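There are 2 protein chains.
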Amino acid sequence: MLAIADWQTTWKLNVKPSSSERRPDQARSHNDCAYKSTTYNPFPLIARPASISLTFTPPSSLHGYQRTRVIIFRKSVLGLDVSKKMLEQACKTTAASNIRYERADLEALDLPGGGFDLAYSSLALHYIKDLPGLFANVHAALKPGAHFVFSIEHPIFMAPRNPGWIIDAEGRKSWPVDGYQREGERVTHWLADGVIKQHRTIGTLLNMLIAAGFCIRHVNEWGPSDAEVAAQPALAEERERPMMMLVGVQR
Amino acid sequence: MLAIADWQTTWKLNVKPSSSERRPDQARSHNDCAYKSTTYNPFPLIARPASISLTFTPPSSLHGYQRTRVIIFRKSVLGLDVSKKMLEQACKTTAASNIRYERADLEALDLPGGGFDLAYSSLALHYIKDLPGLFANVHAALKPGAHFVFSIEHPIFMAPRNPGWIIDAEGRKSWPVDGYQREGERVTHWLADGVIKQHRTIGTLLNMLIAAGFCIRHVNEWGPSDAEVAAQPALAEERERPMMMLVGVQR
């Protein structure tokens, strides 16, 4: 799923200038925003995985941002997915008058240029063949200074011919990696048989973003915290190898 | 080894403005330089690995750059290493009046600010504990627009408790990864016993560079080409998992 948001209206409603009288239009450039991964999911659009998300942390001088973090995604959001069922699910879990869902193939997206403040994609980009084309379209759709944040399956997870854990005599898990440099199709059986993913190295992915004109702002190869493992012991194996990557870039 | 170069003099001698009359000072901003990995090693300072290197490719309008690519590294180069033996080796293999070697601990480097056009490090940074400190020092030592390029052991290679290949019944190799999220010391036996390396995820490494003020320009998880494998069949296993990373950033 790709979600595109225009938070300008929200911003004006919610941002309280700091004591230093920072103007909302200064804040909106985001040049001093930092990314942080948390267990809070700022995107109610995205059902899975509940424990993985990227959220913005505000410039310290910018009060009121904590509230906009949620509201951003409740206002003027365009949610795109090629799957009817995913869209139905999104409508069920997150319906609001200011969220619009449209069926669209990310392989041949044609977003209008220059109007959006944020783009977010959750675990979709590893299915896309023409990723340079999509990145170019998203870049053109964003305002200068706007962010594009996404999660994607990690190449370590995706590369192997036969992905799976091996367990040694002491019960320790490891994840055999092979074919890392062999980019291209990986056929898996997940939800349905014969699902085709596109394996790319991290370098290829980041260089594509750079070539599209984005500036890399944050890369997070997500792993669970101690507290998360305590709450959900099955997450422990995610410390051994990363399954997902969270990337934040800026136009 | 960290090498710092000032190529300003060289540049004036060697750069031939293109037909569009681009001035050398425009070219020196490097804003339109691209990185490319090749088998050519532009750094005669760096003995190993001969087949892995980063080189600049010039903006297409800038003739004469092919020659400066070599000369850059033969002029006004400061080579730093904590190891006396490495410095002796460097003096033997690459001695010239314009290359100066100094013994220095990269953990506590104190480069003068703002004077350098390029910094290059080969397979040294995974030994450094205070990498944020080193990045801050290198950043401050470079001129605005200058590049910092380095190779570093890949976290996939470095993470495992017991690094090594497993070979299946058909003779296929895979590289079991574990402990990827467990950052910190890894003790290995390479050249000497008990060599201590510092494992960090790719995300941590890139975020440190971004926090230091660098812009990520290129990330290459090196793997051999078909021609390289044909010439040196032992390299084939390097297709299965990356051993090294090449990173280019810009102040």
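Chains as they are written, first to last, in my numbering: chain Z, 1 to 251; chain V, 252 to 502. Yeah, the Cβ is synthetic: ideal placement off N, Cα and C, and Gly gets one too. No experiment lies behind these values; they were computed from the predicted model shown.
* Would you kindly work out how many angstroms separate the C-alpha atoms of A478/V and P484/V, rounded to a whole number? => 10 Å
* Beta-carbon contacts of R186/Z that lie in its chain and below 7 Å, excluding the five residues immediately before and after -> M158, K197 and H199
* To do: Identify the contact partners of D258/Z in chain V, using a Cβ-Cβ distance below 9 Å as the criterion.
  => Chain Z is shown from 1 up to 251; residue 258/Z falls before or after that span and cannot be answered.
* Nearest CA to the CA of V267/Z: which residue from I407/V, G435/V and C342/V? -> Look at the range of chain Z in this structure, 1 to 251, and you will see that residue 267/Z is not part of it.
* So which residues of chain V does P242/Z contact, with C-beta pairs closer than 8 Å? -> Y431, Q432 and T452
* To do: Taking 8 Å as the threshold, find out whether the segment 236 to 243 of chain Z comes into contact with the segment 168 to 177 of chain Z through three or more Cβ pairs.
  => A contact is defined here as three or more CB-CB pairs under 8 Å, and the segment 236 to 243 of chain Z meets this definition with respect to the segment 168 to 177 of chain Z.
* Asked: Would you say G223/Z faces chain V, with C-beta separation under 8 Å as the test?
  -> yes
* Rank C215/Z, D81/Z, D168/Z and G164/Z by C-alpha distance to the C-alpha of N413/V and give the top, closest one. => D168/Z
* Asked: If F215/Z sits next to C466/V, beta carbons under 8 Å apart, how far is it from one beta carbon to the other, in whole angstroms?
  -> A quick correction: the sequence has Cys, not Phe, at residue 215/Z. Confirmed, about 6 Å.
* Asked: DSSP on T504/V, reduced to helix/strand/coil?
  -> Residue 504/V lies beyond the residue range present for chain V, which begins at 252 and ends at 502; the question has no answer from this structure.
* **Interface flag, P395/V vs chain Z, CB-CB below 8 Å** => Output row for P395/V: interface = no.
* Got a sec, what are the start and stop residues for the alpha helix (DSSP H) F157/Z sits in? -> P155 to M158
* Residue from A108/Z, T201/Z and A136/Z with nearest C-alpha to G184/Z -> T201/Z
* **Residues of its chain near P224/Z, where Cβ-Cβ distance is below 7 Å and the 5 sequence neighbours each way are ignored** => Closer than 7 Å at Cβ, skipping near neighbours: L235, E238 and R239.
* Closest to G115/Z by CA distance: which of A211/Z, I166/Z, L142/Z and L125/Z is it? -> L142/Z
* To do: Report the residue from Q340/V, L457/V and A462/V whose alpha carbon sits nearest the alpha carbon of L246/Z.
  => L457/V
* **R490/V, DSSP secondary structure in three states** => helix
* Residues that E436/V bridges to, as DSSP identifies them -> According to DSSP, which records beta bridges pairwise, E436/V is partnered with Q449/V.
* Asked: Out of N471/V, G396/V, A355/V and I350/V, which has the shortest C-alpha to C-alpha gap to D332/V?
  -> A355/V
* **Own chain, CB closer than 6 Å to L374/V, minus 5 neighbours either side, in chain order** => Once the five neighbours on either side are set aside, the close Cβ partners of L374/V are S402.
* How would you write the range of the beta strand (DSSP E) that V470/V sits in, first residue to last? -> C466 to E472
* **Enclosing beta strand (DSSP E) for P132/Z [first to last residue]** => Unbroken run through P132/Z is the alpha helix (DSSP H), L131 to A141; no beta strand (DSSP E).
* Asked: Within 8 Å (strictly less), CB to CB, does P383/V reach chain Z?
  -> no
* To do: Kindly say whether P160/Z, judged by its beta-carbon, lies nearer than 8 Å to any beta-carbon of chain V.
  => yes
* To do: Measuring alpha carbon to alpha carbon, tell me which of Y127/Z, A108/Z and H126/Z ends up nearest A134/Z.
  => Reading off the sequence, residue 134/Z comes out as Leu, not Ala. If we check each option's Cα against that of L134/Z, A108/Z comes out closest.
* Asked: Is R251/Z helix, strand or coil by DSSP?
  -> coil
* Would you kindly check if the distance between the Cβ of L338/V and the Cβ of Y352/V is under 8 Å? => yes
* Can you check whether the CB of A391/V is closer than 8 Å to the CB of G364/V? -> Contact flag set, yes.
* **Residue range of the beta strand (DSSP E) that includes E102/Z** => I99 to R103
* Are the C-beta atoms of I166/Z and some chain V residue less than 8 Å apart? -> yes
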